[in-house]
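Position in the sequence shown (first residue = 1) + 6 = the numbering used here.
Idealized CB from N, CA, C, for every residue including glycine.
One structure is given below, encoded as structure tokens.
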Amino acid sequence: MRQLADILLREEYPSLETRFTEVREASPAYQEYMSLQPKAGQDFLVGISRWLQQRRAIEVVVGLYLLAFSVRLVLALLAGINTPFEKDAKEYFDAASFLVQGHGYSRLWEDGVVRLSAKRVPGASLFLALGILLFGPYPAAARFIEIVVSSFSAPLLYCFARRISAAVPAILSGLCCALYPSGVFISGVAVTSEAFLVPLLLLSLVLTVRVLDLRSARTAFSAGLAWGVATLVRPTTAPMAAIVALYLAWCAGWKRGLLLGTGFALILSPWLVRNYFVFGQPLLSTQGGEVFLGANNSYVLDVPRRHGDWVSPRNSLHIGTKSKALWMRSL
7 MRQLADILLR EEYPSLETRF TEVREASPAY QEYMSLQPKA GQDFLVGISR
57 WLQQRRAIEV VVGLYLLAFS VRLVLALLAG INTPFEKDAK EYFDAASFLV
107 QGHGYSRLWE DGVVRLSAKR VPGASLFLAL GILLFGPYPA AARFIEIVVS
157 SFSAPLLYCF ARRISAAVPA ILSGLCCALY PSGVFISGVA VTSEAFLVPL
207 LLLSLVLTVR VLDLRSARTA FSAGLAWGVA TLVRPTTAPM AAIVALYLAW
257 CAGWKRGLLL GTGFALILSP WLVRNYFVFG QPLLSTQGGE VFLGANNSYV
307 LDVPRRHGDW VSPRNSLHIG TKSKALWMRS L
């Protein structure tokens with residue numbers, strides 16, 4: 007009877023039904039009820055989330071690597087994968103070429119002579135040298151090996167994030183890493199040490215976290231090796247490795263911290279010994295003095311509007327003779 011009355015009401019008094027609908031939809035209780043109902047977009051996102059949660063870790067790792075690799079390779083091909091290098095990228099590539107030719111880790115000095123150098127740590131050039139050995143002395147070979155190595159950043163970030171978050175946020179972090187525009191550019195077009203540093207730094211962090219979880223001596227030593235390789239790419243990683251070793255000794259026992267430090271020192275020792283015999287000091291890099299002096303000299307510091315600027319000590323006439331002499335000694 008009630009259904010029949012509703013039908014008759016709609017047929018004879020359509021305006022009453024319209025008014026009833028308006029009043030009902032204006033009710034706060036009705037609006038709250040509707041806000042709790044899943045929308046079509048929400049259903050889609052929920053479905054995607056459930057699908058991601060059902061993926062095995064190996065599927066996510068492989069998928070993220072292939073995505074990162076594909077995006078970087080496509081950009082490199084579009085930008086010209088065999089385009090000659092300039093500036094810092096050319097120095098990395100030239101050092102790699104000298105290594106392959108048997109000249110050691112060298113660079114072309116201002117007088118036109120190739121000599122041994124420690125201006126930069128050799129990690130990035132060693133990776134590029136591997137590309138030259140595998141694919142030939144071409145810029146494309148260097149860019150390709152950079153793409154291969156840097157693409158590990160996305161799955162490694164997922165593995166690290168998975169330690170502290172659920173599956174979906176960890177996957178999203180890996181996707182952001184794979185598609186981050188600046189990261190794609192420096193890994194697929196430019197040749198930079200950061201393209202090699204990021205995956206090595208993430209690998210070091212992943213292994214360090216595993217030491218805290220498993221208390222494994224072998225993993226602690228492997229983490230030290232990873233930190234050492236990362237430092238050979240960028241020396242700024244060395245203080246981080248020291249802090250991690252101390253923290254590990256405190257949390258997981260002094261033996262694990264010592265093993266991490268041993269692995270770290272084992273990787274760096276050949277480079278430090280080489281520099282001791284060549285330059286008389288067991289240094290990591292001679293470039294730190296140039297970078298520091300370029301931002302801390304009278305030309306920059308004496309004028310407030312120039313604070314934060316950087317001027318090359320090599321080409322500047324504004325740096326004092328004493329400061330410039332100190333810089334030349336650091337080369």
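How about residue i and residue j: are their beta carbons less than 8 Å apart?
i	j	result
L206	A236	yes
L114	D100	yes
L272	P288	no
G269	S228	yes
A82	A135	no
A176	Y164	yes
T225	L208	no
A124	S304	no
R262	L254	yes
Just grab the DSSP bridge partners of residue i for me.
i	result
R169	Its beta-bridge partners do not exist; DSSP assigns none.
R121	R113
Is residue i helix, strand or coil by DSSP?
i	result
A63	helix
N88	coil
V29	Note that V29 scores 47 on pLDDT, short of 50, meaning its location in the model is unreliable and no value can be drawn from it.
Q293	helix
Y253	helix
V317	coil
A184	helix
V197	coil
R280	helix
F298	helix
P128	coil
N305	The residue asked about is misnamed: residue 305 is Tyr in this sequence, not Asn. In this structure, Y305 counts as helix in the three-state DSSP scheme.
Y71	helix
Y144	coil
P288	coil
R262	helix
Using the beta-carbon count (16 or more within 10 Å), is residue i buried or exposed?
i	result
P161	buried
V29	Interpretation of V29 is limited by its pLDDT of 47, a score under 50 that renders its predicted location unreliable; the figure taken from the coordinates is listed afterwards. When all chains shown are included, V29 counts as exposed.
E128	Just to set this straight, residue 128 is Pro in the shown sequence, not Glu. Buried, by the Cβ-count rule.
W256	exposed
R62	exposed
T89	exposed
Does the region 140–149 come close enough to the region 244–258 that 3 or more CB-CB pairs lie under 8 Å? With the cut-off at 8 Å, the region 244–258 and the region 140–149 do not touch.
Given 8 Å, three or more beta-carbon pairs between the region 183–193 and the region 68–82: Cβ pair count under 8 Å is three or more, so yes.
Does the region 168–181 come into contact with the region 115–122, if we say contact requires no fewer than three beta-carbon pairs (one atom in each stretch) closer than 8 Å? No, the region 168–181 is not in contact with the region 115–122.
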